[in-house]
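Chains as they are written, first to last, in my numbering: chain A, 1252 to 1487; chain B, 1252 to 1487.
There are 2 protein chains.
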Amino acid sequence: MALRTLSAKNAAALDSELMSAGAFSIDQLMELAGLSVSQAVFKLQPPHKGKRILVACGPGNNGGDGLVAARHLWHYGYQPTMYYPKQSKNELYQRLTKQLKDLNVPFTEDFEAALKHADHIIDAIFGFSFSGEVREPFPKVIEALRGTSVPVLAVDAPSSWDIEDGPPLSGPGRGFQPEALISLTAPKPLVKWFKGRHFIGGRFLSPEMAEKYGLDLPSYGGIEQIVEVGAEGQKL
Amino acid sequence: MALRTLSAKNAAALDSELMSAGAFSIDQLMELAGLSVSQAVFKLQPPHKGKRILVACGPGNNGGDGLVAARHLWHYGYQPTMYYPKQSKNELYQRLTKQLKDLNVPFTEDFEAALKHADHIIDAIFGFSFSGEVREPFPKVIEALRGTSVPVLAVDAPSSWDIEDGPPLSGPGRGFQPEALISLTAPKPLVKWFKGRHFIGGRFLSPEMAEKYGLDLPSYGGIEQIVEVGAEGQKL
């Protein structure tokens, strides 16, 4: 039995319900989401295998998760480098950016140059609210992600993939299949087409909310904020 | 060489600087502080040794850390019970309380009755801003903490201890010596009188901020949010 998934529409509704009825703030949820992402990187790429993590952040919440993850990675002893070309005026993202600058984490505008010095990449460009076309300057970044041999961890969705229909048939993301994916709160329908290692993160869902949205509560272990699952949804 | 400590005055200044120049929100800091507390409980009292955690929360930020810790403990599989007699009108604490109620975590008004069914206690009553007298209804709670054989983890300070001068010479906390203490961000001067297991938590301090306040950055391991230290400040 495959893991139950959350459509783009329901993912937006669940997020909004967590922050209204659920009484979570976006600061809290993003902190926990980014922490999950950082723990997946630690599992995929322990520091002794290479510490240089290139974090590609988009303009929205997916990018915010990348900003938080990078801060935790720095504290674990990694050397994150940020590619964040469309910095939002949103106050939260500005604060998360400042927190990285206070750790002297570098921000680059040249993704392809940074790629040459990366051991691992976080794709935090687009998340569950993506649809339609990849806008500038991201087409060439996604092409580079598709072409590189550096392993990529995608946050919630491989960027450019349709949340319901998976990999695009044309455009920069055609044939893009990252090594790993972390689904936040719950997998999205696109996981059906995903072939790499799959983690679930975001250990804050109540059983009632999971039931309301028809989701499985993953079997996290110990104090972990992530769990790796197989194609059938079983814990690995 | 003992760990360098943070006076009550400097702890308040550092907290305030983290939220102004440091650009952290209180939601973020409290989430990470509470997460640290939950990880210390997991180390002191792994779930197979007893899951019933009684969390005593005071009216301020120390209580807020306890509310966050309880939520994480619930997700780890513990059964927290809350004693939170002076619930603040503060919006953040109200939200953290709602998050627990959505998990059906019970709130009790009878601390001594709850104590009979507890495997471990979190003392999140007073933190680094405490001074002077223990107000109602907490004197009898602190007496119960002092007298019980159930192990206690104190958050930032054993409640009723003076932040600079340690254990009180009279009053309900006279002779109160909890089994464990978690110092958030940095130890306070009272650790000189503390004889139990000592953890440090709050993995978000930048090296520059640590230097400014004359603090050591603890040597956390892996992805851990806490580190246990000896009386000389060395990692255990």
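Think of the CB as a built atom: it goes at the ideal place given N, C-alpha and C, for glycine as much as any other residue. Every value quoted in this text rests on a predicted model; they were computed, and no experiment measured them.
Alpha carbon of residue i to alpha carbon of residue j, nearest angstrom
i: Ile-1477/A; j: Ala-1259/B; result: 36 Å
i: Asn-1312/B; j: Leu-1396/B; result: 20 Å
i: Gly-1363/A; j: Asp-1374/A; result: Here residue 1363/A turns out to be Glu, not Gly, going by the sequence shown. Spanning the two alpha carbons is a distance of roughly 14 Å.
i: Ala-1461/B; j: Ser-1434/B; result: 15 Å
i: Pro-1310/B; j: Asp-1316/B; result: 11 Å
i: Arg-1346/B; j: Pro-1418/B; result: 33 Å
i: Ala-1320/B; j: Gly-1426/B; result: 26 Å
i: Asp-1416/A; j: Pro-1440/A; result: 7 Å
i: Arg-1386/A; j: Leu-1366/A; result: 20 Å
i: Ala-1263/A; j: Tyr-1344/A; result: 19 Å
i: Ala-1274/B; j: Asp-1266/B; result: 11 Å
i: Pro-1390/B; j: Ala-1405/B; result: 16 Å
i: Phe-1293/A; j: Ile-1474/B; result: 7 Å
i: Gly-1571/A; j: Phe-1455/B; result: Because chain A is modelled from 1252 through 1487, residue 1571/A falls outside the range shown and cannot be assessed.
i: Gly-1452/B; j: Gly-1378/B; result: 14 Å
i: Asp-1278/A; j: Glu-1268/A; result: 15 Å
i: Pro-1409/A; j: Thr-1332/A; result: 20 Å
i: Leu-1466/B; j: Ser-1457/B; result: 11 Å
i: Gly-1301/B; j: Arg-1448/B; result: 19 Å
i: Ile-1256/A; j: Leu-1295/B; result: The question names Ile, yet the displayed sequence has Thr at residue 1256/A. Thr-1256/A and Leu-1295/B: Cα-Cα distance of roughly 36 Å.
i: Val-1403/A; j: Ala-1291/A; result: 11 Å
i: Phe-1381/A; j: Val-1288/B; result: 36 Å
i: Gln-1350/B; j: Lys-1443/A; result: 32 Å
i: Pro-1469/B; j: Leu-1420/A; result: 50 Å
i: Asp-1407/A; j: Leu-1487/B; result: 37 Å
i: Glu-1479/B; j: Lys-1340/A; result: 40 Å
i: Thr-1394/A; j: Ile-1376/B; result: Correcting the residue type first, residue 1394/A is Glu in the shown sequence and not Thr. When rounded, the distance between both Cα atoms is 54 Å.
i: Ala-1284/B; j: Ser-1276/B; result: 12 Å
Given residue i as reference, the closest of the options once Cα atoms are compared
i: Gln-1428/A; options: Val-1292/A, Thr-1348/A and Lys-1446/A; result: Lys-1446/A
i: Glu-1360/B; options: Pro-1388/B, Ser-1380/B and Ile-1376/B; result: Pro-1388/B
i: Gln-1485/B; options: Thr-1399/B, Lys-1463/B, Ala-1264/B and Phe-1450/B; result: Phe-1450/B
i: Gly-1422/A; options: Glu-1415/A, Ser-1411/A, Ser-1339/A and Leu-1432/A; result: Ser-1411/A
i: Leu-1254/B; options: Arg-1454/B, Thr-1436/B and Ile-1474/B; result: Thr-1436/B
i: Lys-1352/A; options: Glu-1459/B, Ala-1482/B and Ala-1262/B; result: Glu-1459/B
i: Val-1392/B; options: Lys-1300/B, Gly-1301/B, Ser-1267/B and Lys-1337/B; result: Lys-1337/B
i: His-1368/A; options: Phe-1381/A, Ile-1376/A, Thr-1348/A and Thr-1399/A; result: Thr-1399/A
i: His-1371/A; options: Ala-1431/A, Leu-1466/A, Trp-1444/A and Asp-1278/A; result: Ala-1431/A
i: Val-1401/A; options: Ile-1376/A, Ala-1291/A, Asp-1467/A and Arg-1303/A; result: Arg-1303/A
i: Gly-1314/A; options: Glu-1282/A, Trp-1444/A, Gly-1481/A and Val-1480/A; result: Glu-1282/A
i: Asn-1355/B; options: Ser-1380/B, Asn-1341/B and Trp-1325/B; result: Trp-1325/B
i: Pro-1438/B; options: Ser-1382/B, Ser-1289/B and Ala-1482/B; result: Ala-1482/B
i: Glu-1342/A; options: Leu-1420/B, Ser-1271/B and Gly-1383/B; result: Ser-1271/B
i: Gly-1383/B; options: Ile-1414/B, Ala-1284/B and Val-1442/B; result: Ile-1414/B
Rounded Cβ spacing between residue i and residue j (contact assumed at less than 8 Å)
i: Tyr-1329/B; j: Pro-1357/B; result: Incorrect: roughly 13 Å between the Cβ atoms, too far for contact.
i: Cys-1308/B; j: Tyr-1334/B; result: 7 Å
i: Asn-1261/A; j: Tyr-1471/A; result: Their Cβ separation, rounded to whole angstroms, is 22 Å, which puts Asn-1261/A and Tyr-1471/A out of contact at 8 Å.
i: Glu-1323/A; j: Leu-1280/A; result: The amino acid occupying residue 1323/A in the given sequence is His; Glu does not appear at that position. Contact flag wrong, Cβ pair sits at about 15 Å.
i: Thr-1348/B; j: Leu-1305/B; result: Wrong, their Cβ atoms sit about 16 Å apart, outside the cutoff.
Partners in chain A for residue i, counting only beta-carbon separations shorter than 7 Å
i: Arg-1448/B; result: Per Cβ cutoff of 7 Å: no residues; Arg-1448/B is ~17 Å from chain A at best.
i: Gln-1290/B; result: Ile-1474
Chain-ordered neighbours of residue i on chain B, where CB pairs are closer than 9 Å
i: Tyr-1344/A; result: Here the premise fails: no neighbours, minimum Cβ distance about 11 Å.
i: Arg-1454/A; result: His-1323, His-1326 and Tyr-1327
i: Leu-1354/A; result: Ser-1457, Pro-1458 and Glu-1459
i: Gly-1301/A; result: Within chain B, no residue comes near Gly-1301/A; the closest Cβ sits about 16 Å away, beyond 9 Å.
Interface partners of residue i on chain A, CB under 8 Å
i: Asp-1278/B; result: Ser-1276, Asp-1278, Gln-1279 and Glu-1282
i: Lys-1486/B; result: Here the premise fails: no neighbours, minimum Cβ distance about 14 Å.
i: Gly-1465/B; result: Result: empty, since nearest Cβ-Cβ is about 18 Å, beyond 8 Å.
Closer than 8 Å at the beta carbon, the chain B residues around residue i
i: Gly-1473/A; result: Phe-1293 and Tyr-1327
i: Gly-1315/A; result: Within chain B, no residue comes near Gly-1315/A; the closest Cβ sits about 12 Å away, beyond 8 Å.
i: Gly-1285/A; result: Under the 8 Å cutoff, chain B gives no residues; its nearest Cβ is about 10 Å from Gly-1285/A.
is_contact[residue i, chain D] using C-beta, thresh 8 Å
i: Gln-1350/B; result: Structure shown: chain D not included; protein chains present are A and B.
Which ranges does the alpha helix (DSSP H) cover as unbroken runs of at least 4 residues, wholly within the region 1362-1390 of chain B, from first to last along the chain? 1362-1366
Taking only runs that begin and end inside the region 1321-1355 of chain A, name each unbroken alpha helix (DSSP H) of 4 or more residues, in chain order. 1342-1352
Entirely enclosed alpha helix (DSSP H) segments - the region 1283-1319 of chain B, minimum 4 residues: none
In chain order, which continuous runs of the beta strand (DSSP E) of length 3 or greater are located wholly inside the region 1411-1458 of chain A? 1431-1435 and 1448-1452
Counting only runs of 3+ residues fully inside the region 1457-1483 of chain B, write out the beta strand (DSSP E) ranges in chain order. 1477-1480
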